[in-house]
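For the sequence shown, the positions run 102 to 951 when my numbering is used.
For each residue, glycine too, the CB sits at the ideal point set by N, CA and C.
A short worksheet on the structure shown next.
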Amino acid sequence: MISMRNCHRSIPIVYTTINRTSFATFTRFYSTDLEKLKRQSDYNEADNSVLNTGVIDKSKSEVLVYYDSIYPHTTGFMKRYFFWLTFPTSITDTQLLEKIKNLSSPLHEEAKITEFIPVKRDFGAFVKYNIPTESTASELIDQIRNNVEQVRASKGIFSRVFNLIWNHDPKVFTVKGTPWIEDLRRYPSSKLAVKYDGKNPLTEEELYVLFRRYGPINDIVQDSATSTSQILFRHTRSAIAAKQCLTGIVVQGDTVVHLQYIPVKRVNYITKFIADHTKIALPIILALLATFAVLIFDPIRQWFIEYKITHRSLENKWFKLIYIPYRTIKSWITDSFNYIDVQIQEVTSGGNNSTEDDTFTELKETNTFWYERHEKSKQLKLWIMENITSFIIVKGPPGSGKEEFIFDHTLDQDAKLNGKILMIHCDELSKARSDSMLMNNAASQLGYFPVFTWTNTFSQFADLGVQGLTGQKSGLNENKETRIKNMFSLTTQAIRKICDDEYRKYVRAIEYKNKSRKDGEKLEVLKQDEYLQHHPECKPIIVVNKFARRGDNQSNNFIFPFIAEWCAGLVSNNIAHVIFLTSDVGCMQHLTDALPNQVFKDISLSDASSQSAKQYVLDQLQSISSETIDTCIEPLGGRMLDLQSFIRRIKSGETPNSAIQEMINQSAELITTFFLTNHKIEDDDNNWNAAQVWHLMKLLSKKDSVSYNELVDSPLFKSSKETISTLSTLEKYDLVSLKRDKGVLNNITTGRPLFKAAFKNIIHDYNIWKLYESDYISNLISLEQVKIQKLEEELTNIDKLSGKLDGRIGYLVKKIEASSNKIVNYEQKLTEIKNYKPDQKSKSSFLGIF
Numbered sequence: 102m103i104s105m106r107n108c109h110r111s112i113p114i115v116y117t118t119i120n121r122t123s124f125a126t127f128t129r130f131y132s133t134d135l136e137k138l139k140r141q142s143d144y145n146e147a148d149n150s151v152l153n154t155g156v157i158d159k160s161k162s163e164v165l166v167y168y169d170s171i172y173p174h175t176t177g178f179m180k181r182y183f184f185w186l187t188f189p190t191s192i193t194d195t196q197l198l199e200k201i202k203n204l205s206s207p208l209h210e211e212a213k214i215t216e217f218i219p220v221k222r223d224f225g226a227f228v229k230y231n232i233p234t235e236s237t238a239s240e241l242i243d244q245i246r247n248n249v250e251q252v253r254a255s256k257g258i259f260s261r262v263f264n265l266i267w268n269h270d271p272k273v274f275t276v277k278g279t280p281w282i283e284d285l286r287r288y289p290s291s292k293l294a295v296k297y298d299g300k301n302p303l304t305e306e307e308l309y310v311l312f313r314r315y316g317p318i319n320d321i322v323q324d325s326a327t328s329t330s331q332i333l334f335r336h337t338r339s340a341i342a343a344k345q346c347l348t349g350i351v352v353q354g355d356t357v358v359h360l361q362y363i364p365v366k367r368v369n370y371i372t373k374f375i376a377d378h379t380k381i382a383l384p385i386i387l388a389l390l391a392t393f394a395v396l397i398f399d400p401i402r403q404w405f406i407e408y409k410i411t412h413r414s415l416e417n418k419w420f421k422l423i424y425i426p427y428r429t430i431k432s433w434i435t436d437s438f439n440y441i442d443v444q445i446q447e448v449t450s451g452g453n454n455s456t457e458d459d460t461f462t463e464l465k466e467t468n469t470f471w472y473e474r475h476e477k478s479k480q481l482k483l484w485i486m487e488n489i490t491s492f493i494i495v496k497g498p499p500g501s502g503k504e505e506f507i508f509d510h511t512l513d514q515d516a517k518l519n520g521k522i523l524m525i526h527c528d529e530l531s532k533a534r535s536d537s538m539l540m541n542n543a544a545s546q547l548g549y550f551p552v553f554t555w556t557n558t559f560s561q562f563a564d565l566g567v568q569g570l571t572g573q574k575s576g577l578n579e580n581k582e583t584r585i586k587n588m589f590s591l592t593t594q595a596i597r598k599i600c601d602d603e604y605r606k607y608v609r610a611i612e613y614k615n616k617s618r619k620d621g622e623k624l625e626v627l628k629q630d631e632y633l634q635h636h637p638e639c640k641p642i643i644v645v646n647k648f649a650r651r652g653d654n655q656s657n658n659f660i661f662p663f664i665a666e667w668c669a670g671l672v673s674n675n676i677a678h679v680i681f682l683t684s685d686v687g688c689m690q691h692l693t694d695a696l697p698n699q700v701f702k703d704i705s706l707s708d709a710s711s712q713s714a715k716q717y718v719l720d721q722l723q724s725i726s727s728e729t730i731d732t733c734i735e736p737l738g739g740r741m742l743d744l745q746s747f748i749r750r751i752k753s754g755e756t757p758n759s760a761i762q763e764m765i766n767q768s769a770e771l772i773t774t775f776f777l778t779n780h781k782i783e784d785d786d787n788n789w790n791a792a793q794v795w796h797l798m799k800l801l802s803k804k805d806s807v808s809y810n811e812l813v814d815s816p817l818f819k820s821s822k823e824t825i826s827t828l829s830t831l832e833k834y835d836l837v838s839l840k841r842d843k844g845v846l847n848n849i850t851t852g853r854p855l856f857k858a859a860f861k862n863i864i865h866d867y868n869i870w871k872l873y874e875s876d877y878i879s880n881l882i883s884l885e886q887v888k889i890q891k892l893e894e895e896l897t898n899i900d901k902l903s904g905k906l907d908g909r910i911g912y913l914v915k916k917i918e919a920s921s922n923k924i925v926n927y928e929q930k931l932t933e934i935k936n937y938k939p940d941q942k943s944k945s946s947f948l949g950i951f
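Here it is as structure tokens:
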């Protein structure tokens with residue numbers, strides 16, 4: 102062993118000894134172990150080259166050297182990971198051999214290259230030379246090294262700086278061991294594992310002496326338990342050269358050194374940190390999956406929304422390839438079910454193939470019925486074409502035909518306006534009883550496809566699992582409000598893209614015209630906002646049907662204010678026209694909140710005239726005479742919904758008189774059940790009482806309309822604010838209809854013409870009249886009693902004050918006397934009602950009620 106004190110002096114001696122004795126040692130090892138194994142494997146083999154055996158044969162007259170960094174490093178990297186990108190940096194073996202000859206020249210004529218073995222993975226190559234007769238192996242190697250060094254020194258300053266940074270200039274090393282040319286998936290690293298085949302492992306000093314010539318060493322680690330060592334080089338290039346040159350070297354007589362790369366264990370600390378912390382890992386993974394799904398499906402959904410709005414043909418061949426087989430299979434299934442239904446119908450009907458539709462599922466409106474609304478249709482089109490804050494509201498009672506007015510008689514009649522229409526039915530959204538049904542209804546109306554309602558259930562389970570593991574929710578389970586907002590947000594993007602596409606077509610057309618114009622004048626290209634302002638037909642029309650203040654399902658009431666805000670955003674951004682169809686005047690609060698300080702354009706659709714209603718019924722019931730119709734449809738007025746109901750009853754077999762009487766009875770039952778029982782409808786919506794409704798019914802049963810000033814004369818309607826609120830609520834439920842003049846409430850009429858006959862039917866029923874007339878008078882008595890109580894309290898407070906207030910006291914006393922007299926009169930009426938007998942001959946004069 103060489104001591105560290107004499108290390109520097111002994112290194113040349115040791116290597117001189119190794120150089121002199123290595124060949125003999127190598128020959129002895131080779132002939133006893135590897136040579137014997139190779140001869141056995143080479144028996145009866147035609148090709149025993151290094152490519153098949155991994156061992157390089159060498160005679161006594163040859164020397165084997167290793168050139169490192171002879172390949173471009175990118176070649177090895179690309180070859181390893183991106184083999185399909187190696188062609189830009191590929192280098193042939195012939196080119197590489199010429200490069201080695203240029204680096205090593207000039208040499209003796211006898212020093213010819215007998216074998217060339219490239220090792221592309223390690224960026225190097227083995228070269229076997231003939232030793233000249235008048236020279237030794239060491240002299241030949243020194244000459245090769247000197248030539249390579251001179252080539253490096255002759256390079257310019259730029260190449261020297263580049264080599265200083267990257268250290269890629271080739272070097273030459275003597276192969277001292279038995280190189281093993283393998284193509285295993287063991288990639289180079291800066292760490293070498295040293296294994297010993299013998300009884301005498303090397304010490305740290307000996308390892309340093311043996312490996313230092315190939316490059317600087319950071320550390321040497323020895324494991325005494327396994328008799329192995331590790332050499333940690335500073336550069337991977339040094340480890341590659343050491344492995345190629347020292348693998349299989351025999352030292353200390355009989356110890357064989359075997360070298361292998363230690364794989365580099367790369368640690369991504371970010372990934373490790375996420376994986377080690379469950380609270381962070383699971384939410385991040387699920388969020389990435391959700392983001393990936395959005396990146397894939399959102400463009401598809403946006404395309405389907407655009408298709409829903411524009412109704413364009415399916416020109417995409419790939420979509421046709423998928424959709425046509427699906428449509429064919431679906432038609433097979435549905436047609437088969439239709440066939441079964443037809444067979445069942447024929448059996449049950451006894452083979453009667455009458456074309457008459459007994460169920461009366463559809464009615465065709467006549468031109469006379471809609472002629473009265475022609476001017477309003479023209480006004481609606483004019484507002485859209487003016488394109489000035491096209492936020493339009495179409496109001497009308499239920500059954501007045503608002504949807505038919507918009508589509509059949511306004512938009513569909515104009516080729517410019519019927520191309521881009523999106524219909525949203527608010528009632529279908531608000532009536533949804535589950536989140537999945539709400540999502541499906543919204544997706545169906547918007548064209549949002551594909552929609553995965555099961556992901557909400559999965560998110561709930563994932564959220565529950567994350568909460569169980571981490572103690573807190575992941576936040577992936579979005580509520581229905583957030584999901585609805587995401588769907589409408591994507592719809593906004595689709596609408597904006599439709600406008601962008603129209604604008605791009607316009608720009609291309611202007612550019613084409615400018616190119617074709619030979620004169621110097623060019624057409625000016627408008628900005629997008631200006632173009633959309635001048636071309637309102639390019640913007641989609643959003644029709645919101647059955648917009649209301651509240652829905653049947655309270656959990657979905659967020660739909661109405663959200664849609665109002667969404668539509669307000671479309672109009673404010675000048676990318677769409679919006680038309681609201683509503684029979685609920687209370688919804689105006691949502692629209693006012695969405696667009697404050699904005700005067701809305703509104704159209705009110707009233708009932709048809711008596712002549713139009715009569716003509717409509719005659720067109721549908723041609724077998725009934727005009728005289729019979731005159732007496733029956735008078736209570737119906739011009740309300741389309743009631744006219745259709747009347748026609749259905751006649752077609753089902755009822756007589757006209759029995760049909761109208763039954764409709765009146767049903768309306769009367771609806772009024773008494775809904776408005777006169779004071780049951781709770783909403784949390785804060787039932788702000789009327791039975792006495793107020795009864796008083797309105799008595800007034801409206803005698804005349805067609807009641808003025809607001811006449812109504813407030815009643816003690817039940819003294820407070821102006823409360824009266825307006827009560828009447829607005831009753832208008833929402835279609836009991837009354839409010840007429841305004843310049844925004845001020847003027848007249849009050851029945852909500853449906855049929856209700857007037859129902860009011861009379863209720864009032865002329867003695868039992869109902871007795872009950873609610875007594876309740877009405879009792880409410881008047883209660884109001885007077887409350888008034889007297891307040892006056893008496895004021896009198897009591899006056900007595901405590903100093904001074905003379907005789908005038909005020911006299912005034913209060915007179916007020917108390919007047920209220921007391923009213924109470925006496927009311928109580929007298931209550932007594933008369935109680936003692937009234939229904940078998941009297943005349944009820945019409947009793948108390949002026951009948």
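Inter-residue Cα distance where the pair is residue i and residue j
{"i": "Leu-719", "j": "Cys-733", "result": "12 Å"}
{"i": "Phe-550", "j": "Leu-872", "result": "57 Å"}
{"i": "Tyr-717", "j": "Phe-747", "result": "12 Å"}
{"i": "Pro-816", "j": "Lys-840", "result": "22 Å"}
{"i": "Leu-389", "j": "Tyr-604", "result": "35 Å"}
{"i": "Gln-767", "j": "Lys-857", "result": "13 Å"}
{"i": "Leu-512", "j": "Leu-671", "result": "19 Å"}
{"i": "Ala-961", "j": "His-635", "result": "With the chain covering only 102 through 951, there is no way to say anything about residue 961."}
{"i": "Met-402", "j": "Lys-517", "result": "In the sequence on display, residue 402 carries Arg and not Met. Answer to the nearest angstrom: the Cα atoms are 26 Å apart."}
{"i": "Asn-788", "j": "Leu-892", "result": "27 Å"}
{"i": "Phe-681", "j": "Thr-897", "result": "57 Å"}
Beta-carbon contacts of residue i that lie in its chain and below 8 Å, excluding the five residues immediately before and after
{"i": "Lys-715", "result": "Ser-727, Ile-730, Asp-731, Ile-734"}
{"i": "Gln-690", "result": "Arg-650"}
{"i": "Lys-586", "result": "Phe-663"}
{"i": "Asp-442", "result": "For Asp-442, the predicted model reports a pLDDT of 42, less than 50, meaning its position is unreliable; a value from the coordinates is still stated below. Closer than 8 Å at Cβ, skipping near neighbours: no residue."}
Neighbour-count burial assignment, residue i, 16 or more Cβ in a 10 Å radius
{"i": "Leu-801", "result": "buried"}
{"i": "Phe-776", "result": "buried"}
{"i": "Tyr-167", "result": "buried"}
{"i": "Pro-426", "result": "exposed"}
{"i": "His-475", "result": "exposed"}
{"i": "Ser-617", "result": "exposed"}
{"i": "Tyr-912", "result": "exposed"}
{"i": "Asp-866", "result": "exposed"}
{"i": "Leu-285", "result": "exposed"}
{"i": "His-796", "result": "buried"}
{"i": "Gly-257", "result": "exposed"}
{"i": "Ile-397", "result": "exposed"}
{"i": "Gly-754", "result": "exposed"}
Option nearest residue i by Cα separation, candidates the options
{"i": "His-336", "options": "Pro-289, Gln-712, Lys-628, Asn-301", "result": "Pro-289"}
{"i": "Ser-684", "options": "Lys-477, Asn-247, Val-645", "result": "Val-645"}
{"i": "Glu-874", "options": "Pro-637, Glu-894, Tyr-937, Gln-514", "result": "Tyr-937"}
{"i": "Leu-311", "options": "Pro-697, Lys-344, Leu-591", "result": "Lys-344"}
{"i": "Ala-533", "options": "Met-524, Glu-638, Ala-543", "result": "Ala-543"}
{"i": "Leu-152", "options": "Glu-487, Asp-509, Ile-218, Lys-915", "result": "Ile-218"}
Contact set for residue i: own chain, Cβ-Cβ below 6 Å, skip 5 residues either direction
{"i": "Ile-350", "result": "Lys-277, Gly-278, Val-358"}
{"i": "Ile-889", "result": "Ile-917, Ser-920"}
{"i": "Asp-708", "result": "Gly-738, Gly-739, Arg-740"}
Own chain, CB closer than 7 Å to residue i, minus 5 neighbours either side, in chain order
{"i": "Lys-935", "result": "none"}
Self-check item: Ranges of the alpha helix (DSSP H) found wholly within the segment 766-836, counting only runs of at least 4
Solution: 791-803, 809-812, 821-833
Quiz item: Which runs of the beta strand (DSSP E), 3 residues or longer, sit entirely within the segment 615-698?
Solution: 642-646, 678-683
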